[in-house]
Amino acid sequence: MKDSYDGPILEIDTLSISFFTRLREIPAVMDFSVSVMPGEAVGLVGESGCGKSTVALGVMQDLGKNGRIVGGSIKFKGRNLNEMSQEELRKIRGSEIAMIYQEPMASLNPAMKIGRQLMEVPMIHRGSSEKEAYERALQVVTDVKLPDPKRILDAYPHQLSGGQQQRIVIAMALMAEPSLLILDEPTTALDVTVEAAVVELVKELGKKYGTSMLFISHNLGLVLETCDRLCVMYSGEAVERGSIKDVFDEMQHPYTQALFRSIPLPGADKNARPLRAIPGNFPLPHERPPGCNFSPRCDYFEAGRCDAQDIKMQAVPGNDRHATRCLKFQEIDWNAPIEAGDQTQKGEPGRVVLKIDNLKKYYEVAANALFGGAGETKVVKANETLSFEARESETLAIVGESGCGKSTFAKVLMGLETATEGQILLDNRNIEATPIEARDTQTIADVQMVFQNPFDTLNPSMSVGRQIIRALEVFGIGKNEGERRKRMLELLDLVKLPRAFADRMPRQLSGGQKQRVGIARAFAGNARIVVADEPVSALDVSVQAAVTDLLMEIQREQKTTLLFISHDLSIVRYLSDRVMVMYLGHVVELGSTDQVFSPPYHPYTEALLSAVPIADTSVEKKHIVLEGDIPSAMNPPSGCPFQTRCRWKSEVPGGLCEKEVPPVRQLGDGHQIKCHLPDEKLTEMEPVIQIAAE
Amino acid sequence: MEPLSWIEIITRVLLQFTPVWLSLVILFVLSITYKRKLGLYGKLFDSTIGMIGFALVMFWVFTGIFGSFGMIVTHDALAQVSGMKNELPGAPLPNPDEGQYPYYLFGGDNLARDVFSRMVKGAWIVVQIAPLATLFAFMVGITLGLPAGYYGGRLDTFLSFLANLILAFPVILLFYLLVTPEIVETGIPSYMATVLFVFPLVFVGVLLNSRYKTQPNIRAPLLIGVLGIMGWLYLSLISEIGSKVAVLPGFLDLFDIPSGILVVFVSVVFVNSPTVFRIVRGLAMDIKTRDYVAAAQTRGEGPWYIMLWEILPNARGPLIVDFCLRIGYTTILLGTLGFFGLGLSPESPDWGTTINDGRRLLQIYLHPAIVPALSLLSMVLGLNLLADGLREESLRD
């Protein structure tokens, strides 16, 4: 199917897409142009709601019944997709343009075997025979590096892990050797180490098949690793377009600059060099300002000029195909040093508030759900010998991928579950065996939690103020309704929300605002220990910084102990004092942030550090790709939990890793790791992240 | 006098419904004007199907209400006029009295009663019983479904088994059993009423208690007041002099429900609540995994607060839609009961009974059966369309 066409594979020219609701027309994409050359990978970056997915759906001509292309053209290999009939489009979709979506499970038919689903593609598009199709499927599955391809082809989607499913989706997209591959946040639903492996695979396959790619992501680091060029979008418009190097190192748009300043790069520090959040909120599509969409949030805004007329893309002289949508890009001094934000004093950790000693949490799972009880039971070891201390006004980060037991620990601490063994001491009182119903109000108010998903953390049918007042009522704060209302307004002040929000319903708030309400609610009873379960991972980059800083500020004022659960090592490095790395219920490494982020590492920490994409061209990273997936907690490997994926395993003599769980070793100054590696090997380790000398 | 032509009949019928048209116009004008401020109800007016359904339903609701005040109806629904037996629509009365409406607009039935007036009176019975019975069924279903879904485990297994047991029982047979004089004699329907009607009391009591648990000074008077009034109503409802359950002395008994109606009520609630139970249980199982439920748990809320104030309000969308559909089923059920002559008195003007009466002469005279049949059809159709509209609108945006 390779043809001799050598122009741009995809050429989008001044594309405008609108959605029509019963109230008004909502322009989702305006005046958007981008071109993808053969073999090129173009990244499309922006916050949620900026229209990047709409562009992808526009290319597929699949905008639903109320979306319409209202201007411009989308040319695929020189043919305008807008003018094609449904028949022609069906021929192109899946065979010449393939798309990979965010949720792998949602892209696969759960009732069909993997092999069947893959074989459909060549059978439909090329009329291949069943045998040819099977051969092709086998080859592609081998290409995406899945073990035992024959068995996989005979499996149903639910029998595979998330990472494997996404590989199958990629395989399916590659079945017909498309000229263009559209990837819509392909790794967002995956764990970091799995994400790193999938990204590696996509890059490799892109080279092997010579496929052009349109890579949609909100993660600048990921785009840096995968793409040749990128296009930054803001509120429906492309604001900057150019090669990775130009945009990352010589950015020419204030939004791009602000975006880079709000993500925690190595070197950012919560006290000395705090992040700068972008002020204000993302404008709703029907409330866009006149002129430049970014103007209300821009530091360089000039009234009467930036808001006077529609702004067109302008080429940046001297660079290759680098364009920006800013009137003042030649006047702004892009290299001016960042205005130092408010520098703050580091809070001194005080006395020990929380002490965890040898905590274990096992779940018993009936081996046979239908006739359970009489049969044998399996034990899932969700937490294995957890021991650590947390001090007043200290941030302790708990790092690990899904299934590592961090959420189970949070549940036990909160009292939603009781511990199997060991103890939790809060102010020298044992609370590990007290379920939440039996705890006194003070204990409950002292230990509170901030949840991950902002869209799920507030009850959608209760007003914001009401929810905070309810927390105050439960914690017994305030004598009457009036006092509680006053306190609720103060809490809104604390999280920097306007007092008028008290009467709003959660659906009227943005994700970041909801998360602030969640924080206010957690601090309603003057909590001393707050468990923050990935509080910012579901938020947009520009909002993340603001919410993180808010948490830090409240912590400084109230001397709160913050247990920050996260898988994002960039943010952990930025804000935590100490870090605890967990894998399959075990604490594999514990130490101060500096100790954990510099060698010697635990092999798992090393792989995690390498897997996190960093949006900085001057950072050099060692590439360590972990093989396989995280083992199931139901059936953990023998010996060291990490031995199945560890690259240092061969360095330990006598196969010790497979036989024994490693002991906890003290490396001095409170730094401890759980590993069999001999001391000399540990000292040999090189840092994973190095910032190239300027 | 000459019988009326079809055009005259239609004109006169339309004229007879004047108060209903007026009310419908006022209701729609007001609703459409303020639809942006009315939440889900307002959104209904963006959907054509929903509006048609709502109009049909409200037509019968207004007809029922005005009919009960003696408007719209042309004759006494029970009075017989000699010479009008099985007369065709538009037939004039042989010698009308002063002020008496001179025609049977939809003809007369086999007992020479006015079909039109009986249709209007029948609407009132449906409009009274169907929503109320459905509401009681929802109270029972919600009060049992929430804990089943929230706690799961043995309680869930037990309650679900019970629900399946009731659902597996043949409905019509159950009705026959309940109205059999021997069974009524044993007091089973009265005892069932005693049990089923206590659920709203439990529901409201738990609802208020969990909400005001933290404020004892508000809780006590509120609970005493509300439960006192509801308890009195409840006792008046179930207690009847002469029946097995006569707990209240006559002077305290506020109202008496004819035992026939009570039986109808009990059977409808009994049959509908297991289905509601299953819906609520499923919704509760889904919603209990949300973070806001976890947030409520971590601040030490009791289980009933979580069920009634965190889970139930967020399950309201599907429940409202199901409520509309279920009123439709209940209407059909009432028709079925009437058709079999169960519960309601034989001369009752409700649609099911009238259809059954008309059935015997269906081959010769169509009108006594077709009029209530079409009424039933249009009302249930309206409720289904309304539910469709609500579902469509609540899913949007």
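Sequences listed follow chains H and D, in order. FYI, the working numbering numbers position 446 of the first sequence as 1143, with every residue one higher than the one before it. FYI, the working numbering numbers position 377 of the second sequence as 379, with every residue one higher than the one before it. The beta carbon of each residue, even a glycine, is placed where N, CA and C say it ideally should be.
Scanning the region 1270-1353 of chain H from its first residue to its last, the whole beta strand (DSSP E) runs of 3-plus residues come out as 1275-1280, 1283-1289 and 1316-1318.
For the region 1127-1175 of chain H, the continuous beta strand (DSSP E) assignments of 3+ residues that do not extend past its boundaries occur at 1144-1147, in sequence order.
The C-beta of Gly154 of chain D comes no closer than 8 Å to any C-beta of chain H. Using a 10 angstroms sphere on the CB of Ile28 of chain D, the tally of other CB atoms stays under 16, which defines it as exposed. Residues of the region 712-731 of chain H with a C-beta atom less than 9 Å from some C-beta of chain D are Thr718 and Arg719, listed in chain order. Met796 of chain H has H:Ile879 as its beta-bridge partners, per DSSP. For Leu1056 of chain H, the pairing in a beta bridge is given by DSSP as H:Leu1083. With contacts defined by Cβ atoms closer than 8 Å, Leu107 of chain D and Gly92 of chain D form a contacting pair.
Ranking H:Leu1123, H:Gln836, H:Lys1009 and H:Asn1150 by CA distance to the CA of Arg1225 of chain H puts H:Leu1123 first. Annotation: Pro1132 of chain H to Ala150 of chain D spans about 21 Å, alpha carbon to alpha carbon. Distances from the alpha-carbon of Ile714 of chain H to those of H:Gly761, H:Glu737 and H:Thr885 put H:Gly761 closest. One thing to note: Thr355 of chain D has its Cβ no nearer than 8 Å to the Cβ of Leu364 of chain D. Nearest in C-alpha terms to Gly769 of chain H, of all of H:Ser730, H:Asp840 and H:Val1385, is H:Ser730.
In the structure shown, Asn978 of chain H adopts coil according to DSSP, grouped into three states.
Non-local beta-carbon contacts of Val1385 of chain H in its own chain, meaning distances under 7 Å to residues more than five positions away in sequence, involve Glu1303, Leu1306, Ser1307, Lys1318 and Lys1319 in chain order. When C-beta distances to chain D are compared with 7 Å, the residues of the region 1108-1123 of chain H below that value are Met1111 and Leu1113, in chain order. Secondary structure note for Ala1094 of chain H: its beta strand (DSSP E) is the uninterrupted segment Thr1092 to Val1096.
Nearest neighbour of Phe118 of chain D by Cα position, chosen from D:Leu24, D:Ile12, D:Thr216 and D:Thr182, turns out to be D:Ile12. For the 8 Å CB-CB criterion, Ala725 of chain H and Pro982 of chain H form a contact.
In the structure shown, Ile231 of chain D adopts helical secondary structure according to DSSP, grouped into three states. Distances from the CA of Lys1371 of chain H to each of H:Gly1288, H:Phe1261 and H:Gly704 were compared; the closest alpha carbon is that of H:Gly1288. Using beta-carbon distances, Glu187 of chain D does not count as an interface residue toward chain H, since no partner is under 8 Å.
Between Gly391 of chain D and Ser7 of chain D, the CB-CB gap reaches or exceeds 8 Å. Under a 10 Å Cβ-count criterion, Gln1164 of chain H is classified as buried, with 16 or more other Cβ atoms of the shown protein chains found around its own Cβ.
Ranked by how close their Cα comes to the Cα of Glu827 of chain H, the residues H:Val838, H:Arg813 and H:Gln836 have H:Arg813 in first place. Chain D places no beta carbon closer than 8 Å to that of Gln1252 of chain H, leaving this residue out of the contacts. For the region 193-223 of chain D, the residues whose beta carbon sits under 8 Å from a beta carbon of chain H are, in order, Thr216 and Gln217. One Cα belongs to Ser909 of chain H, the other to Leu917 of chain H, and the distance between them is close to 19 Å. Within the model, the alpha-carbon separation for Phe1294 of chain H versus Gln1369 of chain H is close to 13 Å. Secondary structure note for Ile1262 of chain H: it is in no alpha helix (DSSP H), and the uninterrupted beta strand (DSSP E) holding it is Thr1258 to Ser1263.
Here DSSP, grouped into helix, strand and coil, assigns Lys772 of chain H to strand. Taking a beta-carbon distance threshold of 8 Å, Ala1168 of chain H counts as an interface residue toward chain D. Contacts between Thr1138 of chain H and chain D, judged by CB atoms closer than 9 Å, involve Gly302 in chain order. Under the Cβ distance rule, Asn274 of chain D does not count among the residues neighbouring chain H, no pair being separated by less than 8 Å. For Pro724 of chain H, the uninterrupted beta strand (DSSP E) segment begins and ends at Glu722 to Val733. Taking 8 Å as the cut-off, the Cβ atoms of Leu1083 of chain H and Leu1056 of chain H count as close.
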